[in-house]
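Number of protein chains: 2
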Amino acid sequence: MSKLKRNERIGAIVKILCDSPNKVFTLNYFTNMFNSAKSTISEDLVIVKKIMEELSLGKVVTIAGAAGGAKFVPMMGKEDKINLIEQICNDIKKPERIMPGNYLYMADILYNPAYTKGIGDIFAEKFSDDHNYIDYVLTVETKGIPIAMMTARGLNVPLVIVRHENKVTEGSKISINYISGSTGNLSTMYISKNAIKKDSNVLIVDDFMKAGGTAKGMMQLVKELDCRVAGVCVLLETVTPSKKLVDAYLSLIKYEDIDDQGEIIVHPNYENL
Amino acid sequence: MSKLKRNERIGAIVKILCDSPNKVFTLNYFTNMFNSAKSTISEDLVIVKKIMEELSLGKVVTIAGAAGGAKFVPMMGKEDKINLIEQICNDIKKPERIMPGNYLYMADILYNPAYTKGIGDIFAEKFSDDHNYIDYVLTVETKGIPIAMMTARGLNVPLVIVRHENKVTEGSKISINYISGSTGNLSTMYISKNAIKKDSNVLIVDDFMKAGGTAKGMMQLVKELDCRVAGVCVLLETVTPSKKLVDAYLSLIKYEDIDDQGEIIVHPNYENL
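Protein chains in written order, with full-length UniProt numbering: chain A, 1 to 273; chain B, 1 to 273.
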């Protein structure tokens with residue numbers, strides 16, 4: 001390959017860093033790839049860092065020292081976050097979502113790649129600082145999986161999925177019984193014993209929180225595995241009940257109700273954006 | 001914002017295009033963002049296109065005409081694909097994966113963000129050409145969801161998840177009964193009636209195929225919805241039975257068996273890489 005120009009190297013560096021958020025690439029990785037001096041790559045990285053910050057496209061962290069290098073950390077501008085969550089709220093408001101029993105059909109939103117990556121990036125950004133290191137993202141099947149996967153990708157950590165059934169293909173399990181806040185039913189959750197190493201920091205991600213029974217169940221599983229809950233993130237919480245079974249959690253959308261005119265009252269939770 | 005230099009614009013364009021694969025961004029989008037002339041942005045895009053192709057980082061397609069612009073299409077170099085799938089095969093070979101009944105524990109592989117994005121990109125690349133337009137990616141809960149989500153992201157189309165239970169929160173459904181090739185059990189699959197528009201092209205993605213009963217069931221659901229199956233992609237297929245219930249499918253890994261020494265025999269399906 002012929003030697004690349006600065007603007008070509010910069011294009012390539014951006015692609016490589018952003019494809020693997022929170023993964024450290026050494027200077028050597030790039031000097032070998034581009035057959036360039038370390039000082040040249042360092043200058044490239046300064047420019048990459050500047051563009052990302054100036055255009056609110058993310059953050060590039062450079063790591064000094066022999067094993068130094070750079071990594072990309074997802075970070076959206078406040079305005080972009082608000083735009084995304086307002087767009088999702090407007091989508092939720094479509095009256096055809098209302099189903100018998102006043103349930104809202106949400107699957108198309110929760111599985112829409114245009115939304116899931118942004119949601120995952122918002123959650124990942126909140127837990128990307130070094131004082132708050134995350135080892136795993138945990139969710140429960142099924143509807144929270146896409147946003148949990150995108151959060152795990154943003155943080156560059158494994159995703160673990162809690163199951164509602166005891167599947168033989170997943171080895172020995174720990175199970176707990178919990179009361180679903182939405183339905184009031186007693187249910188069981190299972191997690192593979194080997195899915196999470198002892199003494200890890202676990203970030204819980206789910207699509208929806210009403211009373212918080214499911215999140216509380218996942219918190220219990222984390223404790224059973226001798227790990228710590230680093231945080232609980234949900235896309236959408238219901239305003240009622242205001243007192244949840246979980247003390248600290250972060251939601252991006254607040255769902256109030258369907259009013260007498262059949263309008264769906266939902267709005268961004270601006271304080272978390 | 002001060003006017004950006006070419007290398008800064010290029011860094012930003014790469015980030016924006018690669019963040020939303022298969023989404024067309026107009027020239028106007030970039031001219032407004034950078035306060036630059038169309039001719040300048042066109043030149044930038046030529047450079048971006050060249051870097052992506054030269055370094056096998058993907059493909060940038062430029063669209064001519066008034067509504068013209070550019071989009072990024074995931075595309076990995078053959079060597080990178082082989083490296084990724086060989087790495088996954090080596091990970092599968094770890095003897096501690098073997099569980100009672102000779103099942104392999106695979107969840108950590110299927111939920112590992114370092115693997116899922118690459119797998120999704122490989123599937124998306126295969127179905128990214130214009131003669132083969134995909135409207136939806138379809139999978140069945142649970143273990144295939146992360147790779148199906150990444151495929152949907154690569155193609156910029158909605159993901160639809162078939163359920164094993166008839167959930168009230170997902171509206172009216174179509175269901176079919178099918179015989180799981182792995183267990184021989186009769187099971188039921190449900191899909192929301194409104195999840196997929198009539199007359200669409202649907203790409204089926206799943207983690208695993210033994211006899212193909214599950215994939216065949218999903219194909220039947222697609223037909224029930226008056227849609228077409230554009231393809232079936234699985235990460236891993238078993239060599240036995242060699243005759244599957246599905247005629248045409250694409251797998252990336254072939255799983256043979258566990259041999260007398262307890263070694264897991266698995267290898268990349270090179271013809272698809």
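Built from N, CA and C at the ideal position, the CB exists for glycine as well. Every value quoted in this text rests on a predicted model; they were computed, and no experiment measured them.
With respect to the C-alpha of threonine 142(A), the residue from Tyr111(A), Lys167(A) and Gly154(A) having the closest C-alpha is Tyr111(A).
Secondary structure at cysteine 227(A): coil, using DSSP grouped into helix, strand and coil. By the Cβ criterion, the stretch 109–123 of chain A is in contact with the stretch 153–173 of chain B, since at least three pairs of Cβ atoms, one from each stretch, lie closer than 8 Å.
Between leucine 159(B) and methionine 149(B), the C-beta spacing is below 7 Å.
The UniProt domain "Phosphoribosyltransferase" (109–242) of chain B contains, as complete alpha helix (DSSP H) runs of 4+ residues, the segments 113–126, 145–155 and 213–224 (chain order). Residue nearest to lysine 254(B) within the set Leu245(B), Ile264(B), Asp247(B) and Asp260(B) is Ile264(B) (criterion: CA-CA distance). Measuring C-alpha to C-alpha distances from isoleucine 51(A) to each of Asn7(B), Phe30(B), Ile85(B) and Ser39(B) identifies Asn7(B) as the nearest.
Looking at the DSSP output, isoleucine 51(A) bridges to nothing. In the same chain as tyrosine 29(A), and ignoring 5 residues on each side of it, the C-beta atoms closer than 8 Å to its own belong to Gly69, in chain order. Under the three-state reduction of DSSP, glycine 77(A) is assigned to coil, being neither helix nor strand. Sequence-ordered contacts of the stretch 107–122 of chain B with chain A read Ala107, Asp108, Tyr111, Asn112, Pro113, Ala114, Thr116 and Lys117 [C-beta pairs closer than 8 Å]. Using a CB distance cut-off of 7 Å, glutamate 170(B) counts as an interface residue toward chain A. Within 9 Å of the CB of glutamate 141(A), the CB atoms of chain B belong to Glu141, Thr142 and Ile145, in sequence order along the chain.
Taken in chain order, the members of the stretch 43–73 of chain A whose beta-carbon sits within less than 8 Å of a beta-carbon on chain B are Ile47, Val48, Lys50, Ile51, Met52, Glu54, Leu55, Leu57 and Gly58. The DSSP-derived three-state label of serine 39(B) is helix. Across the stretch 78–109 of chain A, CB contacts with chain B closer than 7 Å involve Met99, Gly101, Tyr103, Tyr105, Ala107 and Asp108, in sequence order along the chain. Glutamine 87(B) and asparagine 22(A) have their C-alpha atoms spaced approximately 20 Å apart. Here DSSP, grouped into helix, strand and coil, assigns proline 21(B) to coil.
In the structure shown, the three-state DSSP call for methionine 106(A) is coil. Proximity of cysteine 18(B) to chain A, defined by a Cβ-Cβ separation below 7 Å, is satisfied. Within the DSSP secondary-structure output, serine 251(A) pairs in a beta bridge with Val234(A). With a cutoff of 7 Å on beta-carbon distance, lysine 49(B) and valine 60(B) are scored as near each other. Look at valine 246(A) here: in three-state DSSP terms it is coil, with no helix or strand label.
With respect to aspartate 121(B), proline 74(B) sits close: the two C-beta atoms are nearer than 7 Å. When the Cα atoms are used, asparagine 32(A) and lysine 38(A) turn out to be separated by approximately 10 Å. Relative to serine 187(B), the option among Ile196(B), Met218(B), Asp260(B) and Val168(B) whose CA is nearest is Met218(B).
Valine 46(A) counts as exposed, since fewer than 16 other C-beta atoms from the protein chains shown sit within 10 angstroms of its C-beta.
Taking each of Pro95(A), Glu256(A) and Ile98(A) in turn and checking the Cα distance to asparagine 269(A), the smallest one comes out for Glu256(A).
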